[in-house]
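Asks:
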Amino acid sequence: MTSKELRNLFLKFFEDKGHKIVKASPLVSTDSSVLFTTAGMQQFKPYYSGVLDPFKDIHPFLLTPLNSLNVCSIQKCLRTSDIDEVGDESHLTFFEMLGNFSFGGYFKKEAISYAWEFVKDYLQIDLSRIEITVFNGEKEIPKDEESYKIWLELGIPQEKIIFKGREDNFWGPTGKEGPCGPTSEIYVDGVEIWNLVFNEYFQYEDKKLEKLKTKGIDTGAGLERMLKAVQKEKIETIFETDLFKPLIEEIQKQTNLSYYSSPKPYRIIADHLKGIVFLIAEGIEPSNIDRGYVLRRLIRRAQRYANYLSLKDNWYESLVLKVIEMYKEFYPEIDQAPKIISVLNEELSKFQKLLKEGLKILKKEIEKLKTQEINDQVLANLVFKMYESFGFPIELTLEELKISFKTIDEELVKNKVQEFFKIHQEISKKGATKKFGGHGIDISKVEAGDEEEIIKTKLHSATHLLHQALIDVLGNEVKQMGSDINFERARFDFSYSGKITNEEIKKIEEIVNSKIKQALPVFFKEMSKEEALKINAKAFFKEKYPEIVKVYFMGQDENSAYSKEFCGGPHVKNTKEIGNFRIIKVESIGEGIKRIRAKIF
Ligand code: GLY
50 MTSKELRNLF LKFFEDKGHK IVKASPLVST DSSVLFTTAG MQQFKPYYSG
100 VLDPFKDIHP FLLTPLNSLN VCSIQKCLRT SDIDEVGDES HLTFFEMLGN
150 FSFGGYFKKE AISYAWEFVK DYLQIDLSRI EITVFNGEKE IPKDEESYKI
200 WLELGIPQEK IIFKGREDNF WGPTGKEGPC GPTSEIYVDG VEIWNLVFNE
250 YFQYEDKKLE KLKTKGIDTG AGLERMLKAV QKEKIETIFE TDLFKPLIEE
300 IQKQTNLSYY SSPKPYRIIA DHLKGIVFLI AEGIEPSNID RGYVLRRLIR
350 RAQRYANYLS LKDNWYESLV LKVIEMYKEF YPEIDQAPKI ISVLNEELSK
400 FQKLLKEGLK ILKKEIEKLK TQEINDQVLA NLVFKMYESF GFPIELTLEE
450 LKISFKTIDE ELVKNKVQEF FKIHQEISKK GATKKFGGHG IDISKVEAGD
500 EEEIIKTKLH SATHLLHQAL IDVLGNEVKQ MGSDINFERA RFDFSYSGKI
550 TNEEIKKIEE IVNSKIKQAL PVFFKEMSKE EALKINAKAF FKEKYPEIVK
600 VYFMGQDENS AYSKEFCGGP HVKNTKEIGN FRIIKVESIG EGIKRIRAKI
650 F
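Okay, so the sequence shown: first residue is 50 according to the working numbering, each after it adds one.
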């Protein structure tokens, strides 16, 4: 079976079971608490918690309601948590997830029966290769006897059903909070191929669990792993499927080192290149923060393994074309070879220069160290200095040190380097990654800190749009009285004596969302307070402003800008970065003062 056949088989199967096929969401996540889409359920998160109604509310990017309680999709995903595992037999950063989802349409019985019917009758995988896991219960969450019974009734022998704890059989939430629940998983030849999540809970940021009003189903089946499992002729790894083989062959044309003698660099290059192509196609550019940083890390890591295989200078060109050829039918958005290659050209020429210069400096430093007594502290210091001052990759410094100092305890040095980073990050609040290039530090740590700031910035920009939309709908009586933004929501207080109707709230939301969709540039200008008031920039009346103020504009230019506001920033660069805006509460907090709470997702 080919990947194309498997994708079609899956979608057709669930369509026949009453599921609406929904296209993949972008890799740049619609869930603002994570950088990337890491699971198929993410675009459906608001439906599980009841924030969006599948029949009434507009889906964030389909721009129509879903009109179904049951949906299925094939989702491109990017997970960076396993980046160091890539190169083994089953870990990937870029992959596709097959999934069926339900928000109150069906629950365990149907979800398990559908999955089993698909695996047994459509994929025709023999029972002898199968194992099932079920949640064993932990603390307040009970053991999943119901799923166990359903599997038994479907004919799975008792000894093939294994109970496991929360570590293995509980999934989610993605990001800081969201729907989650116990799982039941299908294993083939010892590898998990399908995760059935029974969304019964909503987990808050403080880890508190609350029962969801409506139980939901969220499943995820890795396309690559499932494809491997269904091959007629037994293959050893996912890298022998048509989702990798063409890339491996393309790399093989450029090197004398064979895939079978050193598969790891081949696999890393193939995997990372897919992520690179999809990310650049979505408009991400390499940089030192956030998504751009992840892209930079993938590119540089791929280059290092390309160096290892002594691939030619423009090794990536034919591979980019191959990735596009393999995926463009299903993901037409990636058909942008010239742009992708040009971003790579520029980024890699910078990286090669950095490597060359950095290596020269490092060699000198190593010579100096050879005349001294060394210990892990001294070596870690050099690793950190190379990174901090020159953006030189941590792994490369370590590799050079290993060559020169054969007895070095790598783990010890790495731990020390992490310590340096911690201290450094505490000193400069934003952390080293903001300032310096390179890679090698734990991405998950970088993401967690920065992500809150990004969301706060987005919410801040959203309140500017909200401010103007309130005036549009409610009139000039609206004056800002206060605003408070944290990671979860924006709070906006303003003067208004009337009652605000549901229609007006809807209207305000619509205006804000339409301004987000119009992708208005956000920029500021410094001007005298007088001039700012003349152009009618909104000010917060309680505040005393200096003579020269910063005014933020959201619009194509100063004259036509939708929003003009006295403000110190920071803001998003373009309103489209904000995502989806939703008012969650309107209340009266005093005589003539109203308070709005709003979220983005
Ligand atoms: N959302 C289920 C999974 O990613 O496994």
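Backbone N, C-alpha and C fix where the C-beta goes; we use that ideal spot for every residue, glycine too. A quick note: this is a predicted structure, and the numbers were derived from the prediction, not measured.
Which residues in the same chain as residue 413 place their Cβ atom closer than 8 Å to its Cβ, once the five residues preceding and following it in sequence are excluded?
Replies: Once the five neighbours on either side are set aside, residue 413 has no close Cβ partner at all.
Asks: So, for residue 14: in the same chain, excluding its five sequence neighbours on each side, which residues have a beta-carbon less than 8 Å away from its beta-carbon?
Replies: A query on residue 14 cannot be resolved here, the shown segment of the chain reaching from 50 to 650 and no further.
Asks: What separation, rounded to the nearest whole angstrom, lies between the Cα atoms of residue 78 and residue 114?
Replies: Rounded to the nearest angstrom, the two C-alpha atoms are 19 Å apart.
Asks: Using a Cβ-Cβ cut-off of 7 Å (strictly less than) and excluding sequence neighbours within five positions of residue 383, which residues of its own chain qualify?
Replies: Around residue 383: 326, 327, 330, 373, 376 and 377.
Asks: For residue 269, verify whether its CB is less than 8 Å away from any heavy atom of ligand 1.
Replies: Residue 269: yes, Cβ under 8 Å from ligand 1.
Asks: Quick one, which of 164, 344, 140 and 117 has its alpha-carbon nearest residue 199's?
Replies: Checked all of 164, 344, 140 and 117; the closest Cα to residue 199 is 164.
Asks: Identify the residues that DSSP records as bridge partners of residue 600: which are they?
Replies: Beta-bridge pairing links residue 600 to 574 and 615.
Asks: Can you check which of these residues, 298, 135 and 445, is closest to residue 320 by C-alpha distance?
Replies: Selected option, being the one with the closest Cα: 135.
Asks: Go ahead and pull the three-state DSSP assignment for residue 128.
Replies: Correct three-state label for residue 128: coil.
Asks: When you compare each of 263, 291, 244 and 258 to residue 271 by their alpha carbons, which one comes out closest?
Replies: Of 263, 291, 244 and 258, the residue nearest in Cα terms is 244.
Asks: Locate the beta strand (DSSP E) running through residue 250, then write down its first and last residues.
Replies: Run containing residue 250: 240-252, per the beta strand (DSSP E) assignment.
Asks: Relative to the alpha-carbon of residue 622, which residue among 554, 586, 516 and 503 has its alpha-carbon at the smallest distance?
Replies: When only C-alpha atoms are compared, the closest one is 503.
Asks: Assuming residue 122 contacts residue 70 under a Cβ cut-off of 8 Å, what Cβ separation, rounded to an integer in Å, is found between them?
Replies: Going by Cβ atoms, the distance from residue 122 to residue 70 rounds to 7 Å, so yes, they are a contact pair.
Asks: Look at the Cβ atom of residue 318, then the Cβ atom of residue 296, and state whether they are nearer than 9 Å.
Replies: Cβ distance < 9 Å, so residue 318 and residue 296 count as in contact.
Asks: Going by C-alpha distance, which of 577, 610, 91 and 386 is nearest residue 570?
Replies: Closest option to residue 570, Cα to Cα, is 610.
Asks: Can you check the region 501-546 for any beta strand (DSSP E) of at least 3 residues that lies completely inside it and give the ranges in chain order?
Replies: With a minimum length of 3 residues, the continuous beta strand (DSSP E) runs that stay inside the region 501-546 are 528-534 and 539-544.
Asks: Taking C-alpha atoms, which residue in 627, 247 and 567 lies nearest to residue 151?
Replies: For the residues 627, 247 and 567, the minimum Cα distance to residue 151 belongs to 247.
Asks: Note down the Cα distance separating residue 68 from residue 292, rounded to an integer number of angstroms.
Replies: Cα to Cα, the separation comes out at about 26 Å.
Asks: Nearest-angstrom Cα distance between residue 52 and residue 276?
Replies: The straight-line gap from Cα to Cα measures roughly 6 Å.
Asks: What does DSSP give as the partner residue(s) for residue 258 in the beta ladder?
Replies: Bridge partners of residue 258: 252.
Asks: Apart from the five residues on each side of it in sequence, which residues of its chain come closer than 6 Å, Cβ to Cβ, to residue 230?
Replies: Around residue 230: 246, 247, 248, 249 and 250.
Asks: Buried or exposed for residue 436, going by 16 or more other Cβ atoms inside 10 Å?
Replies: Classification for residue 436: buried.
Asks: Would you call the region 87-96 in contact with the region 116-132, where contact means no fewer than 3 C-beta pairs closer than 8 Å?
Replies: Yes: at least three Cβ pairs fall under 8 Å.
Asks: Could you name the residues of the same chain whose beta carbon sits closer than 6 Å to that of residue 192, not counting the 5 residues immediately before and after it, in chain order?
Replies: Result list for residue 192: 185 and 186, in chain order.
Asks: Report, in whole angstroms, the separation of the C-beta atoms of residue 615 and residue 588, which I expect to be a contact under 8 Å.
Replies: Confirmed, Cβ separation roughly 4 Å.
Asks: Is residue 122 helix, strand or coil when you go by DSSP?
Replies: In this structure, residue 122 counts as strand in the three-state DSSP scheme.
Asks: DSSP three-state call for residue 407: helix, strand or coil?
Replies: Here residue 407 sits in helix by DSSP.
Asks: Is it right to say residue 88 is buried, meaning 16 or more other beta carbons lie within 10 angstroms of its own, or is it exposed?
Replies: Answer is buried; the Cβ neighbour count reaches 16.
Asks: Short check: CB of residue 344 to CB of residue 365, under 9 Å?
Replies: Going by C-beta atoms, residue 344 is not nearer than 9 Å to residue 365.
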